[in-house]
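Just so you know, the sequences run in chain order A and B.
Taking this note's numbering, I'd label the letters of the first sequence as residues 87 to 511.
Taking this note's numbering, I'd label the letters of the second sequence as residues 0 to 257.
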Amino acid sequence: MSNSAYKAMWENLNLDIEAHDGLLEVLGKFYGDIYMSQEKRLKGMEYLDFVLSEVHGLRVKELMDAKEAGRKIIGTFCVFVPEELSLAVDAIQVGLCAGADAGTEAAETVVPRNTCALIKSFIGFKMAKICPYTESCDLIIGETTCDGKKKAYEAFGEMAPMHIMEVPQRKEESDRALWKSEVLRLKDELEKLTGKTITAESLKNGIKISNDKRRALQRLNTLRAAKPTPISGRDVLLINQISFYDDPIRFTQSINTLCDQIDERIANSEGIVAENTPRLMLSGCPMAVPNWKLPYIIESSGAVVVAEESCIGTRNSRDLVDESCETVEEMIDAICDRYMKIDCACFTPNNERMDNIKELAEQAGVDGVIHYSLMFCQPYTHEAFKVEKTLASENIPMLSIETDYSMEDVEQLKTRVEAFVEMIS
Amino acid sequence: MIAGIDIGSRSMELVLLDPDDTNNEIVLERRLATTFDPASQLKIILDGIAPEIISATGYGRKLVTEELCGVTTVSLTEIKAYALGVAHLFPEARTILDIGGQDTKAISLMKNGKVAKFEMNDRCAAGTGKFLEHLATVFQIPIADFGSYALEGDEPLMINSMCTVFAETEATSLMAQGKNPRDIALGLHGSIVRRTTNMLHRVGLNEPLVFAGGVANNPCVINMLTDALKISPSVPDRPDMVGALGAALHGKSVLKIC
Ligand code: SF4
Ligand code: SF4
């Protein structure tokens, strides 16, 4: 990372250069310890190492160039915001969820202390002026999912331009109607922002690009489940994380190239760990960059992660939008249908999540599940009970972990995870 | 010889087993304070013995390396170590409560002695040995006598807080009100018991229950636990050696595979 070359750009974005340098240093160190130390890594991961090393550099430069050329940048915090629409107005959509303990003190002046780390982090990043993505955005889309986010957006909205989508909490006909009206309202907003009209052609293209990205991730998820495990869980998590930042077309190509390499590995029965290594699924809250704490603990405890049931995981790539539609109206309906399938814990009763977990556990051939909820996350902490019950009926053991971004509980987490691995070995 | 060693936050224990003894009688046991220099203490506790393998457990288990000890080393968590140790001493046991220096664990066992489920306190030392140790100093009673001291009380006074610091505040304010210090001590023991019964119920409390770890030396905790659960737990003779014993048993099974 040649930071000095980007300094002017960061200054233009009004970042706090000193605090930002501090963040990059921590990120670099973490990445070195957790990623670069891995053995038998796939060649294709070099692309992801590069993207991550340039996450605040080259990629931000691309955003700046795009802005210069008149394109808009849309920030999001949730997989409910349809990227298809942003692509259809030639805008660039980026995820703003944050995974580091930064600016927490500032954040706690506007949200209560018992707010989950993810929320505190994105507010902290904004208030400490250390996130070039947040600062690049022309519009940030919030959504009414959990109460924590919903109320936090009121504070965030005073600091940045926001549009809030109402996400329903149930999946009845009336909820579908509400959701459709919200998708249409977003469409209007995006058209107004960009001065472009969404046409059947541009929307079809947006759907195609998003689906291609999902198809590449689906392919990866199928391949990774091979025995012996061809790619580490940490690497797959990183890929999922990067899918929220990178240019979607380039990303899709790189992941397909990586998958070709995995195909070769599988053909040669090569794995990154011994075939009898216990296989785990991580399930629960999203893990945003650089929140690699739990996967790292798991994979240093003699187990390997073979599935991520989360929004930075299968929840984001499982379902595709129907590509057979021809009119804008039909396509909007197809988009609504696809998004209403998301099994987020903010919905009630959300039983489809239980079915999806069972199915994924079976497909990936897991020996156990680690349920991960961020401390103070009501929706996922509640569902941990249901997930445990569901898995128990399938004789799959589960360990429930509640944690945050701090490192103070690492030793206890290690003991619990190791004991769980001993238990299922 | 096979050495099992349990390095906890307060003390470390060592158990030696003879690899050829099918009954696994303990050949030797030792105990030492962990202090702030566990590596040096480790050398002292191993002084004069030359085991073929060292099997380590406890939060300091990763400290025990081949480089440091000059022999093969393996490690396991306290959960597995207690399960193995208890299954050896009480083959029928189905649930274990282990209250140590800074951790409390509830473990449910399958019929074959394997771990079925466990719970462990996640961050602070609330309701552990440290909690009692700290409060004993407030009462100016040696920790070894704190349990019998509390048993002289009649009516436990309610202590609501699980947090060591807040519990101390509650205790001192009760003292300032002129309450019987023995009743306050009884109340403090009661708060530990409340916390652990919750944990036990979460893993599904099946009998027989074995209570181990350093705090199982405390007669007041045993009494109150018996009252609260309506189950009388079995307590090993030396409850704080169970982890080291389990580690040694694990060491033996590793040696056999090699
Ligand atoms: S967990 Fe729910 S609220 Fe969070 S990103 Fe996923 S869908 Fe959105
Ligand atoms: S992790 Fe939970 S509390 Fe935090 S933003 Fe997501 S749903 Fe809300």
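Note that beta-carbon positions come from the ideal geometry of N, C-alpha and C, so glycine has one too.
- For E508(A), the nearest beta carbon of chain B is closer than 8 Å to its own beta carbon.
- Only residues of its own chain outside the window of five on either side were considered, and among them E169, E170 have a CB closer than 6 Å to the CB of S296(A), listed in chain order.
- Interface with chain B (8 Å Cβ-Cβ cutoff): T501(A) is included.
- E416(A): member of the alpha helix (DSSP H) spanning 414-425, first to last residue.
- Close to chain B, meaning a Cβ-Cβ distance shorter than 9 Å, are the following residues of the region 486-498 of chain A: I487, E488, T489, E494, D495, E497, Q498.
- The beta carbon of V14(B) does not come within 8 Å of any beta carbon belonging to chain A, so the residue lies off that interface.
- Counting the other CB atoms within 10 Å of its CB gives D332(A) a total of 16 or more, which places it among the buried residues.
- Counting along the chain, the unbroken alpha helix (DSSP H) around F471(A) starts and ends at 464-479.
- Taking 8 Å as the threshold, the shortest C-beta distance from A505(A) to chain B falls below it.
- In this structure, G228(A) places its C-beta atom within 8 Å of the C-beta atom of M248(A).
- Here the alpha carbons of I98(B) and D153(B) stand approximately 25 Å from one another.
- Those residues that bring their Cβ nearer than 7 Å to a heavy atom of ligand 2 are C202(A), L204(A), I205(A), T231(A), C232(A), G234(A), K235(A), C371(A), P372(A), A431(A), C432(A), L460(A), F462(A), C463(A), Q464(A), P465(A), Y466(A).
- A heavy atom of ligand 1 is found nearer than 7 Å to the CB of F166(A).
- Excluding sequence positions up to five before and after V164(B), its CB lies less than 7 Å from no other CB in the same chain.
- A360(A) and P314(A) have their C-alpha atoms roughly 7 Å apart.
- Residue contact check for V114(B) against chain A: a CB pair falls below 8 Å.
- Note on P198(A): under 16 other CB atoms within 10 angstroms of its CB, so exposed under the neighbour-count rule.
- At least one heavy atom of ligand 1 lies closer than 7 Å to the C-beta of I428(A).
- In the structure shown, S107(B) falls within a strand segment according to DSSP collapsed to helix, strand and coil.
- Contacts between L75(B) and chain A, judged by CB atoms closer than 7 Å, involve E508 in chain order.
- DSSP places K116(B) inside the beta strand (DSSP E), whose first and last residues are 114-119.
- Within the model, the alpha-carbon separation for T201(A) versus S222(A) is close to 26 Å.
- G189(A) and I216(A) do touch by the CB rule: their CB atoms are close to 7 Å apart, below 8 Å.
- Taking the Cα positions, L303(A) is about 7 Å away from I341(A).
- Q179(A) has I160(A) as its beta-bridge partners, per DSSP.
- Under the 8 Å Cβ criterion, the region 4-12 of chain B counts as touching the region 241-257 of chain B, having at least three qualifying pairs.
- Contact check between the region 346-364 of chain A and the region 387-404 of chain A: three or more CB pairs, one atom from each, fall below 8 Å, which counts as touching.
- Proximity of the beta carbon of R199(A) to ligand 1 is not indicated: no heavy atom of the ligand is located closer than 7 Å.
- A Cβ-Cβ contact shorter than 8 Å links I482(A) with V455(A).
- As summarised for the region 136-181 of chain B, the continuous alpha helix (DSSP H) elements at least 4 residues long and confined to that stretch are 142-150, 163-175, given in chain order.
- Chain order gives the chain A residues near M119(B) as Q498, T501, R502, A505, where near means a beta carbon separation below 9 Å.
- The nearest non-hydrogen atom of ligand 1 is 7 Å or more from the C-beta of C422(A).
- According to the DSSP secondary-structure assignment, H249(A) is paired through a beta bridge with I227(A).
- Under DSSP, L485(A) takes part in a beta bridge, and its partners are I456(A).
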